[in-house]
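Residue numbers (our numbering): 10 to 250.
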């Protein structure tokens with residue numbers, strides 16, 4: 010089974026990453042730019058076919074906003090729950106997504122997690138947005154460099170993380186602690202729920218901390234991706250100073 014990833018940044022990162030087999034690169038004839046030059050070089054290094062095709066043939070792929078380049082790839086390679094890393098060294102961060110079904114939020118969180126140097130992202134096997142081409146596109150290709158773990162029961166994973174050296178922190182709109190009051194130095198697992206339902210009560214109750222962000226406007230909430238980014242960079246600040 011194969012799927013198409015598109016967009017210059019995503020195609021470049023899928024060639025640089027190791028989470029998929031890449032079968033071929035299609036570029037619309039006449040397309041130019043530095044990103045395409047980098048894609049050509051990366052394809053050559055990996056031994057991937059680089060095809061220049063006519064505009065009508067490329068259009069036949071029926072990919073919207075492809076930026077005139079696409080990669081035919083194998084399925085995304087997930088890690089197993091049994092491969093979750095135990096806490097080692099001075100500090101680290103894992104992300105646990107509690108049934109996020111929105112690809113926009115999932116992709117945004119993965120982009121932030123990769124840029125911030127997280128060990129990986131955990132996604133439940135059911136009722137969750139997986140690493141689809143849409144998620145890869147929103148993440149700007151960050152998915153191709155992340156360890157993504159498919160997990161079963163979120164509460165059980167939180168318990169395992171606690172037993173293996175992690176402090177677990179749930180992002181919760183009604184959390185008792187303000188996001189900046191927690192000591193994030195050490196090994197942290199950030200648990201993020203869906204925008205609609207938040208973190209499940211059982212999971213939330215099991216976590217060591219439940220943190221909230223102060224909100225002053227009329228809207229009353231941030232989406233999951235924005236809330237995660239705010240907390241994630243407080244974690245980075247504390248762990249690097």
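Backbone N, C-alpha and C define an ideal beta-carbon position, used for all residues, glycine too.
Computed from a predicted structure; not experimentally measured.
The beta carbon of residue 192 sits closer than 8 Å to those of 247, all from its chain and outside the five residues before and after it, given in chain order.
With respect to the 8 Å criterion, residue 57 and residue 72 are not classified as neighbours on the basis of their beta carbons. The alpha-carbon of residue 211 is positioned some 7 Å away from that of residue 164.
Cβ neighbours of residue 22 within its own chain (closer than 6 Å, five residues either side excluded): 150 and 153. Cβ neighbours of residue 63 within its own chain (closer than 6 Å, five residues either side excluded): 38.
One thing to note: residue 93 has its Cβ no nearer than 8 Å to the Cβ of residue 123. Assignment of residue 242 by DSSP, reduced to helix, strand and coil, places it in the helix class. In chain order, 144, 147 and 148 place their CB closer than 6 Å to the CB of residue 116, counting only its own chain and leaving out the 5 sequence neighbours on each side. Sequence-distant partners of residue 51 (beyond 5 residues in either direction) whose C-beta falls short of 7 Å from its own C-beta, in its chain, are 21, 24 and 25.
Scanning 138, 137 and 176 for the CA closest to the CA of residue 194 turns up 176. Taking a cut-off of 8 Å for Cβ pairs, the segment 94-111 and the segment 76-83 do not touch, as fewer than three such pairs fall below it. Ranked by how close their Cα comes to the Cα of residue 137, the residues 127, 158 and 121 have 158 in first place. DSSP places residue 169 in the uninterrupted alpha helix (DSSP H) bounded by 163-172. Secondary structure at residue 59: strand, using DSSP grouped into helix, strand and coil. Cβ contact annotation for residue 189 (same chain, cutoff 8 Å, sequence separation greater than five): 243, in chain order.
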